[in-house]
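Chains as they are written, first to last, in the numbering used here: chain F, 145 to 351; chain W, 145 to 351; chain A, 145 to 351.
Structure record follows, encoded as structure tokens.
This is the structure we're talking about:
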């Protein structure tokens, strides 16, 4: 019987865990950017968060394949889980590249991008709380905040990129390194915006 | 009652608008490439087109969530809207990067890539007109043209990329800048090909 | 009648062809890396494989649009065909970039990445054989192997990337070239992992 009528899965509990990992990963990234001492040790911590988040995402996908009835559309659950996982992967990729590139000191722009990214994940957390409470008006408000953050991060990214070519006029290797890291941060922010867009779609279906 | 039986949405009208924006954006990009004077002013124009196109895409997605019956499969509408939006985003990203990188003069290859990209969007426009007229044979013909253009753009892109490393042998920063811009143009062309592939799929389902 | 009850399509036969092309493309890539003589001729061979693989993928998509009953879920067939095609496209992109960049001698890391990538495609082949035989336990085992290979390739990629900046400290153009090629190889490996993840999902649905 258990196979035919499986226990209802609480996807919100799983999303809560995923988003907690996204907040923790971006917070650890920010703390690493602000204080680059013991970078290797801090990076290991972020890698561990990324690994834990992976397990949760696999769990979501596994349960999605075994469940008939879901609180929100299957494709939306799949997309949300993928995008949140992407945010964490990109936070890790950013740290990883700093080690691979043997960076010794983050740029001021990198610190600011990490700070804004962490702030954005907090809005994602709040948007999901409102979604679980079925307070769709507030979900929409937080989605607007996430979009606003994405615009802000994009502006910082563009200025940072332009400045890079001025500052490292004679050190193309440095341009390549930071361009790669900035792009990871900006892509993470894009994934946050994707989450907001999916949430707006869910709200519309329930309107 | 209006909620239960919503007015039938004319997705073709929305796609017409979207594609008009794609044609306008790539035309403005080409005109900027051909004459780089007042680049900032022209860039603002393209950014405005990109913004208007975003609103149309959001409109498509919103109406898709509220409509039961669609003239073509829901996923196809979703994919088409996304890909057309991507073309416009990439045209804008291309202009944006030229400003961010403080480019003062486009390369000859960049002008040609922009020209071919604009031509491709015209074929997309025609393919959609034939789709609306249910003239599936002509849809297929325009899809072949779009694929032909993509091949041509890819060839130009490859030559341009190779030449970059010869021409700017001693200016790696310049290589990075133009490689990024060329890649945006080539990716925009890939999105045009995606549109053609989705259209071919739609034609098959109606065969 | 044929239109209403089309002959059942054997998607496994098509996937067999696709995967055979993926194995052939990565094997030819490896052989090119190991012996770079007559690179142009060998590249043409890989391009031809890529073209043949494209035809098979188009065939899968066409038949998917015309078939009501499929042995595995439609979306899974679509995703698998897309990902396997991506692997072949990226193997070709890698070769293509070596010609475009006028590379004269592959790095040791590039050879090793190509070798591991080819090994991974063999595991994909075996996983599909077990899937067709409905031996789901063995499918899972091969998926674990594919994931293990992806981890290994990722480690090689990271070391190779870091070494690039040391070795070509004064030749940024060379860093750009090899970074691009390594990224294609690493992305191909990511696509292999995607295939494994989709296969694991299919196994779960049949559990």
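We treat Cβ as the ideally placed atom computed from N, Cα and C, and that holds for glycine.
Query raised in the report: Using a Cβ cut-off of 7 Å, which residues of the region 329-348 of chain A contact any Cβ in chain F, in chain order?
Result: 345 and 348
Query raised in the report: Should residue 123(F) be flagged as near chain W, meaning a C-beta pair shorter than 8 Å?
Result: Residue numbering for chain F in the displayed model covers 145 to 351; residue 123(F) lies beyond these limits and cannot be assessed.
Query raised in the report: Around the Cβ of residue 241(W), are there at least 16 other Cβ atoms within 10 angstroms (buried) or fewer (exposed)?
Result: As a first step, residue 241(W) is located in the second chain; it is residue number 97 there, counting from the start. Buried is the call here.
**Report entry** Rounded C-alpha distance that separates residue 330(A) from residue 217(A)
**Finding:** For the purposes of this step, residue 330(A) is identified with residue 186 of the third chain, where counting begins at 1. For the purposes of this step, residue 217(A) is identified with residue 73 of the third chain, where counting begins at 1. The alpha-carbon atoms of residue 330(A) and residue 217(A) are separated by roughly 28 Å.
Query - Simplified DSSP assignment, three categories, for residue 350(F) - result: Here residue 350(F) refers to the residue found at position 206 of the first chain. Residue state, collapsed to three classes: coil.
Query raised in the report: Is the beta carbon of residue 263(F) sitting closer than 8 Å to the one on residue 293(F)?
Result: In the first chain, the residue the question calls residue 263(F) occupies position 119. In the first chain, the residue the question calls residue 293(F) occupies position 149. Against a cut-off of 8 Å, the Cβ pair of residue 293(F) and residue 263(F) comes out as a contact.
Requested in this report: Indicate whether the contact test is met: 3 or more Cβ pairs, each with one atom in the region 292-311 of chain W and one in the region 181-190 of chain W, closer than 8 Å.
Outcome: A contact between stretches requires three or more CB pairs, one per stretch, nearer than 8 Å, and the region 292-311 of chain W fails this requirement with the region 181-190 of chain W.
Requested in this report: With a threshold of 16 other CB atoms inside 10 Å of the CB of residue 154(F), please say whether the residue is buried or exposed.
Outcome: Your numbering for residue 154(F) matches position 10 in the first chain. Exposed, by the Cβ-count rule.
Query - Positions along the region 164-179 of chain F whose CB lies within less than 7 Å of some CB in chain D - result: This model lacks chain D altogether; the protein chains it does include are F, W and A.
Report task. Could you work out which residues of chain F lie near residue 306(A), taking near to mean beta carbons separated by less than 9 Å? Result -> Taking the first residue of the third chain as 1, we reach residue 306(A) at position 162. The contacting residues are 243, 244, 245 and 246.
**Report entry** is_contact[residue 323(F), chain W] using C-beta, thresh 8 Å
**Finding:** Residue mapping note: residue 323(F) aligns to position 179 of the first chain, counting from 1. Taking CB atoms only, residue 323(F) has a neighbour in chain W less than 8 Å away.
Query raised in the report: Is there contact here, the region 311-330 of chain W with the region 275-292 of chain W, by at least three beta-carbon pairs under 8 Å?
Result: no
Query raised in the report: Whole-angstrom Cβ separation of residue 224(W) and residue 339(W), contact assumed at under 8 Å?
Result: For this step, residue 224(W) is matched to residue 80 along the second chain. For this step, residue 339(W) is matched to residue 195 along the second chain. Rounded, the Cβ-Cβ distance is 6 Å, consistent with contact.
**Report entry** Secondary structure of residue 277(W), DSSP reduced to three states
**Finding:** For this step, residue 277(W) is matched to residue 133 along the second chain. Correct three-state label for residue 277(W): coil.
Query raised in the report: Beta-carbon separation of residue 190(F) and residue 164(F) under 8 Å?
Result: Position 46 of the first chain, counted from the first residue, corresponds to residue 190(F). Position 20 of the first chain, counted from the first residue, corresponds to residue 164(F). Cβ distance not < 8 Å, so residue 190(F) and residue 164(F) don't count as in contact.
Query raised in the report: Between which two residues does the alpha helix (DSSP H) carrying residue 220(F) extend?
Result: In the first chain, residue 220(F) corresponds to position 76, counting from 1. Counting along the chain, the alpha helix (DSSP H) containing residue 220(F) begins and ends at 218-244.
Requested in this report: Answer yes or no: do residue 268(A) and residue 166(A) have a C-beta to C-beta separation smaller than 8 Å?
Outcome: Your numbering for residue 268(A) matches position 124 in the third chain. Your numbering for residue 166(A) matches position 22 in the third chain. In this structure, residue 166(A) lies closer than 8 Å to residue 268(A) by Cβ.
Query raised in the report: Does the beta carbon of residue 316(A) come closer than 8 Å to any beta carbon on chain F?
Result: The count along the third chain starts at 1 and reaches residue 316(A) at position 172. Chain F, which has a Cβ nearer than 8 Å to the Cβ of residue 316(A), makes this yes.
Query raised in the report: Does the beta carbon of residue 205(W) come closer than 8 Å to any beta carbon on chain F?
Result: For the purposes of this step, residue 205(W) is identified with residue 61 of the second chain, where counting begins at 1. Yes - at least one Cβ of chain F is within 8 Å of the one on residue 205(W).
Query raised in the report: Apart from the five residues just before and just after residue 236(F), which ones in its own chain have a Cβ nearer than 7 Å to its Cβ?
Result: As a position in the first chain, residue 236(F) is number 92, starting the count at 1. These residues qualify, in order along the chain: 169, 190, 191 and 194.
Report task. Consider the Cβ of residue 210(W): report whether some Cβ of chain F lies at a distance smaller than 8 Å. Result -> Along the second chain, one-based indexing puts residue 210(W) at 66. Judged by the 8 Å Cβ criterion, residue 210(W) is in contact with chain F.
Query - Identity of the residue in 313(W), 226(W) and 333(W) nearest residue 291(W) by Cα - result: Reading the second chain from its first residue, position 147 is the one you call residue 291(W). Closest by alpha carbon: 333(W).
Query raised in the report: Taking Cβ positions only, does residue 302(F) come closer than 8 Å to chain W?
Result: Along the first chain, read from residue 1 onward, the residue named residue 302(F) stands at position 158. Chain W contact via Cβ: present.
**Report entry** Proximal chain A residues relative to residue 309(W), where beta-carbon distance stays under 9 Å
**Finding:** Translated into positions along the second chain, residue 309(W) becomes position 165. The answer, in chain order, is 244, 245, 246, 317, 320 and 321.
Requested in this report: Tell me, to the nearest whole angstrom, how far the beta carbon of residue 245(F) is from that of residue 306(A); I am working on the premise that it is less than 8 Å.
Outcome: Counting from 1 along the first chain, the entry for residue 245(F) is found at position 101. Counting from 1 along the third chain, the entry for residue 306(A) is found at position 162. Yes, they are in contact, since the Cβ atoms of residue 245(F) and residue 306(A) sit about 7 Å apart, within 8 Å.
Requested in this report: Anything in chain F within Cβ reach of residue 240(W), meaning under 9 Å, just list it in chain order.
Outcome: Here residue 240(W) corresponds to residue number 96 of the second chain, with the count starting at 1. Correct list: 302.
Query raised in the report: Of all Cβ atoms in chain F, is any one closer than 8 Å to the Cβ of residue 259(A)?
Result: As a position in the third chain, residue 259(A) is number 115, starting the count at 1. Judged by the 8 Å Cβ criterion, residue 259(A) is not in contact with chain F.
Query raised in the report: Is DSSP giving residue 155(A) helix, strand or coil here?
Result: The count along the third chain starts at 1 and reaches residue 155(A) at position 11. Looking at residue 155(A) - three-state DSSP - the assignment turns out to be helix.
**Report entry** Below-8 Å beta-carbon distance, residue 313(W) vs any chain A residue
**Finding:** Locating residue 313(W) in the second chain gives position 169, where the first residue counts as 1. Answer yes: the Cβ-Cβ gap between residue 313(W) and chain A drops below 8 Å somewhere.
Query raised in the report: For residue 345(W), which option in 304(W), 313(W), 281(W) and 327(W) has the closest C-alpha, if you only look at C-alpha atoms?
Result: Locating residue 345(W) in the second chain gives position 201, counting from the first residue. 281(W) is the residue among 304(W), 313(W), 281(W) and 327(W) whose C-alpha sits nearest the C-alpha of residue 345(W).
Query raised in the report: Is the Cβ-Cβ distance between residue 259(A) and residue 335(A) less than 8 Å?
Result: As a position in the third chain, residue 259(A) is number 115, starting the count at 1. As a position in the third chain, residue 335(A) is number 191, starting the count at 1. Going by C-beta atoms, residue 259(A) is not nearer than 8 Å to residue 335(A).
Query raised in the report: The alpha helix (DSSP H) with residue 201(W) in it runs from where to where?
Result: As a first step, residue 201(W) must be located in the second chain, where it is residue number 57. Segment 183-210, the alpha helix (DSSP H) holding residue 201(W).
Query raised in the report: Taking DSSP as the reference, what is the three-state secondary structure of residue 265(W)?
Result: In the second chain, the residue the question calls residue 265(W) occupies position 121. In this structure, residue 265(W) counts as helix in the three-state DSSP scheme.
Query raised in the report: Grouping DSSP H, G and I as helix and E and B as strand, with all else coil, what is residue 326(W)?
Result: For this step, residue 326(W) is matched to residue 182 along the second chain. If DSSP states are grouped into helix, strand and coil, residue 326(W) belongs with the helices.
**Report entry** Helix, strand or coil at residue 313(F) [DSSP, three-state]
**Finding:** Taking the first residue of the first chain as position 1, residue 313(F) is located at position 169. Correct three-state label for residue 313(F): coil.
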